[in-house]
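Residues in the sequence shown are numbered consecutively from 4, following the working numbering.
To keep things clear, I will list the structure first and then write my remarks on it.
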Amino acid sequence: MAIHSPARAMAIAEQVAGRYRITVDHLLCARWDRYVVHARAEVAVRIRDDLGWSSRAIGRWLGCSHPNVRKLFSYHKMRPPWAAMTGDVDPASILHLARDDQARRLAEAEQRAADAAREIDRLSGVHLTEALAEQLGLLTRCAIVLAICAENYPRVVRGVAILQGYDHACSVLGYGARNGATYDLMKKNFSSLDRAFAEQGWPQPTECGDLPASRRLTHAAADMLALRFGVPRRSQMMLAAEGRSPPIPSRARSVA
Numbered sequence: 004m005a006i007h008s009p010a011r012a013m014a015i016a017e018q019v020a021g022r023y024r025i026t027v028d029h030l031l032c033a034r035w036d037r038y039v040v041h042a043r044a045e046v047a048v049r050i051r052d053d054l055g056w057s058s059r060a061i062g063r064w065l066g067c068s069h070p071n072v073r074k075l076f077s078y079h080k081m082r083p084p085w086a087a088m089t090g091d092v093d094p095a096s097i098l099h100l101a102r103d104d105q106a107r108r109l110a111e112a113e114q115r116a117a118d119a120a121r122e123i124d125r126l127s128g129v130h131l132t133e134a135l136a137e138q139l140g141l142l143t144r145c146a147i148v149l150a151i152c153a154e155n156y157p158r159v160v161r162g163v164a165i166l167q168g169y170d171h172a173c174s175v176l177g178y179g180a181r182n183g184a185t186y187d188l189m190k191k192n193f194s195s196l197d198r199a200f201a202e203q204g205w206p207q208p209t210e211c212g213d214l215p216a217s218r219r220l221t222h223a224a225a226d227m228l229a230l231r232f233g234v235p236r237r238s239q240m241m242l243a244a245e246g247r248s249p250p251i252p253s254r255a256r257s258v259a
C-alpha cells in the first residue's frame, strides 16, 4: 500500500543528501549534473520501494517528467561517480571538483559574453560616434551611421545590420529616434552625412552596396578617418588593399 506522505519523502531526500554531502536544496533544485543525478536517482528509487509511490507521483514531487523518472531508475543501476576510483575517496571532494569545473565553465561563458558585447559595441560604432560628432562637427545621427560603416570597413554593411547597429548605439549612448531606426531615417542620415562632407570639401563618405539599403565606407573616406581617428584600423586597411573583407565574429553576426 502506497504511503503518500511528502514528509516521509523529504526525510528520505535528507538522508540521501547527507550521504552525498550536499544540501536538500541542491539535490532537488540544482542543475542536473552526474552527481546530482545519482543522488536524485537514489531518492526516486527509495521513495518507490519504501513508500510505494508511482513514477508519476515521484515525478510530480521531484518536479520532473515521467520519462525522466524512468531515466533516474536506470541511473540508479549505475555505480556512483566515485565507485570506480581506487581508495576511500570522499564524495565531497568529488563534488568540490565538479563545482570548480562548473565555476570555470561559467567564468569562460561570461568572458565570451563580455567579448561578444564589446564586439557588438564596436561594430555598432558606440566608441567612435562621439569623437566623430565632436571633431567633424556632425550630427549624432550622422556620426552613428558613419561610425558603423567605418568599424565594418571594408565590408558592405547590410541595411538590416545598419538598423540594428543604429538602435544599439542609440540605446547605449542615450540618443534615439522617436520611432526607432527605419530605412527612411537611414536614408536621411546618409544624405545629411553626404552634404556635411561636401560642405567641408571632404571626399564622399559612403557608397551604396550591391544589396538594397546596404552601405560601405569609401576608400577615400577610410584614408581620411584612419589618419584622424585610427579607424579603420591598420588590419582593416590591409584587407581592403588585398580586396578582402574581415570575417564577422559568430556572436556579432546579428549586428554586422
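Using N, Cα and C, we set each Cβ at its ideal position, and we do this for glycine too.
Within a Cβ cutoff of 6 Å, which residues of the same chain sit near residue i, ignoring the five residues on either side of it in sequence?
i           : result
residue 8   : none
residue 44  : 75, 78 and 79
residue 179 : 173
residue 19  : 42, 45 and 46
residue 185 : none
residue 1   : There is simply no residue 1 to check, as the chain begins at 4 and stops at 259 in what is shown.
Quick check: what's the CA-CA separation for residue i versus residue j?
i           : j           : result
residue 240 : residue 174 : 29 Å
residue 107 : residue 236 : 33 Å
residue 210 : residue 124 : 23 Å
residue 25  : residue 119 : 35 Å
residue 139 : residue 112 : 39 Å
residue 172 : residue 115 : 21 Å
residue 238 : residue 183 : 33 Å
residue 233 : residue 187 : 30 Å
residue 46  : residue 109 : 28 Å
residue 6   : residue 12  : 9 Å
residue 70  : residue 128 : 49 Å
residue 53  : residue 37  : 24 Å
residue 68  : residue 61  : 9 Å
residue 58  : residue 170 : 51 Å
residue 121 : residue 166 : 18 Å
residue 65  : residue 117 : 35 Å
residue 55  : residue 105 : 35 Å
residue 245 : residue 137 : 32 Å
Please classify residue i: does DSSP put it in a helix, a strand, or coil?
i           : result
residue 173 : helix
residue 210 : strand
residue 86  : Low confidence applies here, because residue 86 scores a pLDDT of 47, under 50, leaving its location unreliable and the question unanswered by this model.
residue 161 : coil
residue 142 : coil
residue 236 : coil
residue 92  : Here residue 92 scores only 45 on pLDDT, less than 50, and its place in the model should not be relied on; the value that follows carries that caveat. Residue 92: coil per DSSP, three-state reduction.
residue 37  : helix
residue 198 : helix
residue 24  : coil
Less than 8 Å between C-beta atoms, sequence neighbours within five positions excluded: which residues of the same chain meet that for residue i?
i           : result
residue 215 : 162
residue 160 : 151, 152, 168, 212, 217, 218, 219 and 259
residue 73  : 58
Report whether the distance from the Cβ of residue i to the nearest heavy atom of the ligand MG is below 6 Å.
i           : result
residue 210 : Absence of the ligand MG is noted for the structure shown, with no ligands found whatsoever.
Of the choices the options, whose alpha-carbon is the least far from that of residue i?
i           : options               : result
residue 218 : 179, 202 and 197      : 197
residue 164 : 189, 177 and 61       : 189
residue 76  : 52, 55, 48 and 53     : 48
residue 10  : 30, 232, 22 and 50    : 50
residue 135 : 12, 18, 52 and 224    : 224
residue 242 : 19, 230 and 222       : 222
residue 146 : 122, 29 and 208       : 208
residue 42  : 22, 205, 61 and 206   : 22
residue 195 : 149, 245 and 65       : 149
residue 176 : 201, 228, 137 and 133 : 133
residue 229 : 131, 105 and 20       : 131
residue 157 : 137, 121 and 226      : 226
residue 199 : 246, 141, 244 and 185 : 141
Once you ignore the five residues that flank residue i on each side, which residues in its own chain have a CB closer than 7 Å to its CB?
i           : result
residue 33  : 39
residue 144 : 192
residue 16  : 27, 30, 31 and 46
residue 205 : 227
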